[in-house]
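Since the structure comes first, as structure tokens, the remarks are kept for the end.
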Ligand SMILES: Nc1ncnc2c1ncn2[C@@H]1O[C@H](COP(=O)(O)OP(=O)(O)OP(=O)(O)O)[C@@H](O)[C@H]1O
Ligand SMILES: [Mg+2]
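Residue numbers (the numbering used here), protein chains in the order written: chain R, 88 to 323; chain Y, 6 to 306.
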């Protein structure tokens with residue numbers, strides 16, 4: 088995997104919301120098939136990093152390459168079409184669409200997407216909920232749906248923002264197993280996580296963000312040796 | 006009120022139903038546009054009027070203008086061409102002007118569309134005067150038809166059937182198709198939809214064109230039964246806005262039901278208490294504002 092081609096290369100990424108300058112030169116990369124996390128304390132700019140990759144912030148500068156294509160000048164819909172699936176922090180389930188409509192809404196952006204049956208195999212809880220409106224689903228169901236719908240698009244790169252936030256331990260467990268299964272299937276993933284305990288066994292590498300910059304890169308097998316540093320950076 | 010002869014009642018109810026059909030088509034267009042563009046389209050009445058004029062011009066003026074006096078664009082051709090022209094002009098308006106206001110308060114879109122409506126009506130007044138033009142229904146729809154319990158002008162029956170079909174087709178498109186799911190999702194969270202790969206700016210332009218096209222269809226259907234004047238749309242729009250306030254802008258099927266219902270109520274009022282027929286809609290609007298400010302079908306937020 089160490090020499091697999093780059094799926095995502097972010098270099099010198101700056102981003103603004105109107106006048107507030109949030110990202111100050113973020114640098115990181117993800118190779119095909121890798122799972123990396125963006126860790127950090129609240130409000131350091133992890134969500135903003137994912138949004139900036141998709142062109143959802145205000146102005147952004149620097150370089151974001153998806154599978155080798157420079158996207159800094161592209162609108163969000165063109166970036167998504169390069170094969171990016173996005174699961175936003177607030178989950179973004181459409182409340183007025185049924186679960187089934189939410190699941191099948193997104194356009195295909197790559198080959199080999201999941202079928203609905205495969206999504207249900209991964210998340211059996213969704214199977215019986217197809218006719219319910221998105222707004223009526225529980226938090227856990229919404230999270231599974233938000234993940235399931237991007238699996239159906241065939242996007243090889245998944246940007247997942249705090250998928251465990253506020254969910255019961257059994258659901259967190261199920262999501263962890265899903266991540267493992269997706270990794271085995273070859274998906275490339277960027278996980279924004281608060282829950283370091285959840286993330287540390289899933290990811291190949293971790294990036295720690297502080298004040299809109301990457302301040303540390305830690306490979307999985309280095310964690311034990313750098314425990315003190317990690318705890319300090321994450322304020323644990 | 007019980008000595009009113011049945012035929013008179015039925016006649017008013019039919020007129021109410023026909024008006025209701027126009028209310029329904031126009032308020033559905035407004036609801037679609039409001040959902041995706043977040044503006045109240047004050048140009049809607051002018052766009053309705055333009056389509057009626059295009060229909061009239063196609064039959065009476067186009068040939069002479071082009072130097073071929075025998076060239077005519079008949080009703081059926083206009084039914085296709087006029088809404089397309091009005092939609093195309095509308096999409097130009099959206100691309101050139103409305104889009105630039107998208108990030109500002111609702112009020113700016115309202116002012117712009119209101120201004121465009123005034124300019125459009127002024128231009129038609131300048132070109133065609135204020136005296137109304139008449140338009141005959143196409144030959145196959147002339148004359149009365151016996152619908153069992155009463156005689157009805159064929160064309161009026163056609164208007165009812167055609168408008169209901171248009172409304173139901175629109176609802177089907179919105180509620181049952183993939184495109185409709187995109188439009189509903191775009192109403193709820195357009196930014197995220199774009200991050201999933203949908204070209205939302207283009208979708209918004211097309212949605213505006215569609216909403217305006219519905220007004221255009223209504224305008225063509227209206228040409229043979231209303232006086233074609235530059236002010237025909239503006240006058241109708243007053244009532245449409247009341248319909249929209251009563252029904253709420255949140256639901257297109259709600260717009261249809263409210264439009265038809267108010268047309269009927271207006272018609273019935275004309276029989277039982279004619280003095281109130283022009284204000285009944287506004288009385289209901291006031292009541293609705295008091296009791297359910299988000300509208301009968303609106304979402305309280
Ligand atoms: N839409 C916005 N407009 C202006 N400022 C924003 C906006 N969204 C976030 N911010 C600010 O940007 C900074 C980074 O926010 P971001 O959401 O990226 O944090 P985060 O690392 O994801 O943390 P968390 O999710 O725990 O809040 C914060 O200071 C936040 O207040
Ligand atoms: Mg966040």
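For every residue, glycine included, the Cβ atom is placed at its ideal position computed from N, Cα and C.
Bear in mind the structure is a predicted one, so any value in this text is a computation, not a measurement.
Discussion item. Given a cut-off of 7 Å on the beta-carbon distance, is the pair residue 34 of chain Y and residue 188 of chain Y in contact?
Written reply: For the purposes of this step, residue 34 of chain Y is taken as the residue at position 29 of the second chain. For the purposes of this step, residue 188 of chain Y is taken as the residue at position 183 of the second chain. No, they are not a contact pair.
Worksheet item: Got a sec: does ligand 1 put a non-hydrogen atom nearer than 6 Å to the Cβ of residue 236 of chain R?
Response: For the purposes of this step, residue 236 of chain R is identified with residue 149 of the first chain, where counting begins at 1. No; taking the cut-off as 6 Å, the Cβ of residue 236 of chain R has no heavy atom of ligand 1 nearer than that.
Practice prompt. State the beta-bridge partners of residue 113 of chain R as determined by DSSP.
Written response: Counting from one through the first chain, the residue named residue 113 of chain R turns up at place 26. Per DSSP, R:100.
Worksheet item: With 7 Å set as the bound, which would you pick, yes or no: does the beta-carbon of residue 232 of chain Y sit closer than that to a beta-carbon of chain R?
Response: Here residue 232 of chain Y is taken as the residue at index 227 of the second chain, counted from 1. No - not a single Cβ of chain R is within 7 Å of the one on residue 232 of chain Y.
Worksheet item: Is the distance from the Cβ of residue 284 of chain Y to the Cβ of residue 263 of chain Y below 7 Å?
Response: The residue you call residue 284 of chain Y lines up with position 279 of the second chain. The residue you call residue 263 of chain Y lines up with position 258 of the second chain. Going by C-beta atoms, residue 284 of chain Y is not nearer than 7 Å to residue 263 of chain Y.
Discussion item. Suppose the cutoff is 6 Å on Cβ atoms and the five residues either side in sequence are ignored; what does the same chain contact list for residue 305 of chain Y look like?
Written reply: Indexing the second chain from 1 puts residue 305 of chain Y at position 300. Residue placement at residue 305 of chain Y is flagged as unreliable, the pLDDT there being 49, under the threshold of 50; the coordinate-derived value follows with that caveat. Cβ neighbours of residue 305 of chain Y beyond the five flanking positions: 299.
Discussion item. Whole angstroms are fine: how far does the CA of residue 276 of chain R sit from the CA of residue 245 of chain R?
Written reply: As a working note, residue 245 of chain R is residue 158 in the first chain. As a working note, residue 276 of chain R is residue 189 in the first chain. Using only the alpha carbons, I get a separation of about 5 Å.
Worksheet entry | CB contact flag (residue 17 of chain Y, residue 272 of chain Y, <7 Å) | Start at 1 with the first residue of the second chain, and residue 17 of chain Y comes out as number 12. Start at 1 with the first residue of the second chain, and residue 272 of chain Y comes out as number 267. Taking a C-beta distance under 7 Å as the contact criterion, residue 17 of chain Y and residue 272 of chain Y qualify as a contact pair.
Practice prompt. For residue 113 of chain R, verify whether its CB is less than 6 Å away from any heavy atom of ligand 4.
Written response: Inclusion of ligand 4 in the displayed structure is not the case, the ligand content consisting of ligand 1 and ligand 2 alone.
Discussion item. Alpha carbons only, please: which of Y:169, Y:204, Y:250, Y:126 is nearest the one belonging to residue 292 of chain Y?
Written reply: In the second chain, counting from the first residue as 1, residue 292 of chain Y sits at position 287. Comparing Cα positions, the closest option is Y:250.
Worksheet item: For ligand 1, any of its heavy atoms closer than 6 Å to the Cβ of residue 135 of chain R?
Response: Within the first chain, the letter at position 48 stands for residue 135 of chain R. Correct: residue 135 of chain R has its Cβ closer than 6 Å to ligand 1.
Discussion item. Taking the alpha carbon of residue 309 of chain R as the reference point, which residue from R:288, R:296, R:255, R:322 has its own alpha carbon closest?
Written reply: Start at 1 with the first residue of the first chain, and residue 309 of chain R comes out as number 222. For the residues R:288, R:296, R:255, R:322, the minimum Cα distance to residue 309 of chain R belongs to R:288.
Discussion item. Is the separation between the beta-carbon of residue 125 of chain Y and that of residue 87 of chain Y shorter than 7 Å?
Written reply: Against the second chain, residue 125 of chain Y aligns to sequence position 120. Against the second chain, residue 87 of chain Y aligns to sequence position 82. Not in contact: residue 125 of chain Y and residue 87 of chain Y (Cβ atoms no closer than 7 Å).
Discussion item. Would you say residue 180 of chain Y lies against chain R (beta-carbon separation less than 7 Å)?
Written reply: The residue you call residue 180 of chain Y lines up with position 175 of the second chain. Against chain R, the CB of residue 180 of chain Y has no partner CB under 7 Å away; the residue lies outside that interface.
Worksheet item: Would residue 295 of chain R pass as a contact of residue 133 of chain R if the rule is Cβ separation under 7 Å?
Response: The count along the first chain starts at 1 and reaches residue 295 of chain R at position 208. The count along the first chain starts at 1 and reaches residue 133 of chain R at position 46. Against a cut-off of 7 Å, the Cβ pair of residue 133 of chain R and residue 295 of chain R comes out as no contact.
Worksheet item: alpha helix (DSSP H) containing residue 285 of chain Y: first to last residue?
Response: As a position in the second chain, residue 285 of chain Y is number 280, starting the count at 1. Note, residue 285 of chain Y: alpha helix (DSSP H), 285–296.
Worksheet item: CB of residue 157 of chain R to nearest heavy atom of ligand 2: below 6 Å?
Response: In the first chain, residue 157 of chain R corresponds to position 70, counting from 1. The answer is no for residue 157 of chain R.
Discussion item. Quick check: is any heavy atom of ligand 1 less than 6 Å from the C-beta of residue 109 of chain R?
Written reply: Numbered from 1 along the first chain, position 22 holds the residue referred to as residue 109 of chain R. Yes, ligand 1 has a heavy atom inside 6 Å of this Cβ.
Discussion item. So for residue 152 of chain R, helix, strand or coil by DSSP?
Written reply: Residue numbering aside, residue 152 of chain R sits at position 65 when the first chain is read from its first letter. DSSP, reduced to helix, strand and coil, places residue 152 of chain R within a strand of the structure shown.
Worksheet item: Once you ignore the five residues that flank residue 242 of chain R on each side, which residues in its own chain have a CB closer than 7 Å to its CB?
Response: Translated into positions along the first chain, residue 242 of chain R becomes position 155. The answer, listed in chain order, is 170, 171, 172, 196, 197.
Fill in: Endpoints, the alpha helix (DSSP H) within which residue 161 of chain Y is located
Within the second chain, residue 161 of chain Y is the residue found at index 156, counting from 1. Element bounds for residue 161 of chain Y: 159–181.
Worksheet item: What whole-angstrom Cβ distance do residue 216 of chain Y and residue 51 of chain Y have, given they're in contact under 8 Å?
Response: Sequence index remark: in the second chain, residue 216 of chain Y carries index 211 (1-based). Sequence index remark: in the second chain, residue 51 of chain Y carries index 46 (1-based). The Cβ separation is near 14 Å, so there is no contact.
Practice prompt. Give the straight-line distance between the Cα atoms of residue 285 of chain R and residue 167 of chain R, rounded to the nearest whole angstrom.
Written response: Indexing the first chain from 1 puts residue 285 of chain R at position 198. Indexing the first chain from 1 puts residue 167 of chain R at position 80. Spanning the two alpha carbons is a distance of roughly 27 Å.
Worksheet item: Do the region 90–104 of chain R and the region 137–149 of chain R meet, that is, are 3 or more Cβ pairs less than 8 Å apart?
Response: yes
Worksheet entry | Residue interval of the alpha helix (DSSP H) (run including residue 33 of chain Y) | For the purposes of this step, residue 33 of chain Y is taken as residue 28 along the second chain, with counting starting at 1. That run of the alpha helix (DSSP H) goes 11–42.
Discussion item. Is residue 161 of chain R close to chain Y? Criterion is C-beta to C-beta, closer than 7 Å.
Written reply: The residue given as residue 161 of chain R occupies position 74 in the first chain. Residue 161 of chain R does not count as touching chain Y.
Item to complete: May I ask you to check if the CB of residue 101 of chain R is nearer than 6 Å to at least one heavy atom of ligand 1?
Response: Reading the first chain from its first residue, position 14 is the one you call residue 101 of chain R. No.
Worksheet item: Counting pairs of Cβ atoms below 8 Å between the region 103–118 of chain R and the region 223–241 of chain R, do you hit three or more?
Response: no
Worksheet item: On the three-pair Cβ rule with 8 Å, is the region 166–186 of chain Y touching the region 311–319 of chain R?
Response: no
Worksheet item: Any beta-carbon of chain R closer than 7 Å to the one on residue 223 of chain Y?
Response: Counting from 1 along the second chain, the entry for residue 223 of chain Y is found at position 218. It does not; no Cβ of chain R falls within 7 Å.
Discussion item. Rounding to the nearest angstrom, what Cα-Cα distance links residue 10 of chain Y and residue 277 of chain Y in this structure?
Written reply: Indexing the second chain from 1 puts residue 10 of chain Y at position 5. Indexing the second chain from 1 puts residue 277 of chain Y at position 272. One Cα belongs to residue 10 of chain Y, the other to residue 277 of chain Y, and the distance between them is close to 11 Å.
Worksheet item: Relative to the C-alpha of residue 67 of chain Y, which residue among Y:53, Y:83, Y:192 is closest?
Response: The count along the second chain starts at 1 and reaches residue 67 of chain Y at position 62. Among Y:53, Y:83, Y:192, the Cα nearest to that of residue 67 of chain Y is on Y:83.
Worksheet item: With a cut-off of 7 Å, does the C-beta of residue 275 of chain R fall near any C-beta of chain Y?
Response: As a first step, residue 275 of chain R must be located in the first chain, where it is residue number 188. Not one chain Y Cβ lies under 7 Å of residue 275 of chain R.
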